[in-house]
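Going by UniProt numbering, the sequence shown opens with residue 1, and the numbers climb by one from there.
C-beta: ideal position from N, C-alpha, C; glycine also.
Because the structure is a prediction, the values reported are computed rather than measured.
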Amino acid sequence: MRAHIKDKAMAGPRPVVLSGPSGAGKSTLLKKLLREFDGVFGFSVSHYHYVSREIMQTGIANGEFIESAEFSGNMYGTSKAAVQAVQAKNQICILDIDMQGVKNIKKTDLNPIYVSVQAPSMDILEKRLRDRKTESEESLQKRKEPGLFDVVIVNDDLDAAYGKLKDVLLEDPVHGRGEDLILIFDPELLA
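If you want it as structure tokens, here you go:
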């Protein structure tokens, strides 16, 4: 069993999936994290690779993507190779993913830490999103589903929210898959 788990698991530090609506402060929190811990974190995608629809569909069918979606007639996705490239640098891969992507990643063997950044209350978030008219009723309801995330950070105070994000990454530095333990984040290495 252990060998099977080890074969399926991606090597390297455990990734972090961040998700949250526009206006919740996710990008601001990420910028603070990247500034404070330069070189510790990396993004899975820094640019687009343009391929034909057929190549993309084949890659998806072959399990080469941890998540994919179609938007405005174009296909998008995050490849396993992109995540592995970050992990090969011994960096913690950050995936900034929408709700559909979160659900897709839940079906993979990636085993990330799932973090949702939210506005101070669901009512305020819902009002902000409705006022912006950037999300459908269905997507608003999906954000209310329990159990999708390991932690929900309510961003009503930037410093407190940032502290909680760091706590999530520092709280339990060793996360494992059975007996196979993986170091997440050790601030002592940065000192």
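Item                                                                                                                                                                          : Value
Going by beta carbon distance, what residues of the same chain come within less than 8 angstroms of residue 89, once the five residues before and after it are set aside?     : 42
Is the separation between the beta-carbon of residue 29 and that of residue 165 shorter than 7 angstroms?                                                                     : yes
Please report how far the alpha carbon of residue 151 lies from the alpha carbon of residue 168, in whole angstroms.                                                          : 8 angstroms
Residues in the same chain with beta-carbon distance under 6 angstroms from residue 56, minus the five sequence neighbours each way, listed in chain order, please.           : 75
If you scan the UniProt domain "Guanylate kinase-like" (13-170) from start to end, which runs of the alpha helix (DSSP H) of 4 or more residues do you find wholly inside it? : 26-36, 53-61, 80-88, 99-106, 122-132, 137-142
Roughly how many whole angstroms lie between the Cα atoms of residue 9 and residue 65?                                                                                        : Low confidence applies here, because residue 9 scores a pLDDT of 42, under 50, leaving its location unreliable and the question unanswered by this model.
Going by Cα to Cα distance, which pick from 85, 92, 131 is closest to residue 170?                                                                                            : 92
Whose C-alpha, out of 160, 38, 95, is nearest the C-alpha of residue 68?                                                                                                      : 95
Hey, how far is the Cα of residue 109 from the Cα of residue 98?                                                                                                              : 18 angstroms
Whole angstroms is fine: what's the gap from residue 38's alpha carbon to residue 115's?                                                                                      : 20 angstroms
Report the rounded CA-to-CA distance for residue 106 versus residue 87, giving the unit in angstroms.                                                                         : 19 angstroms
With distance defined between alpha-carbon atoms, name the residue in 77, 73, 51, 52 nearest to residue 63.                                                                   : 77
Find the nearest neighbour of residue 121 within the set 153, 36, 101, judged by alpha-carbon distance.                                                                       : 153
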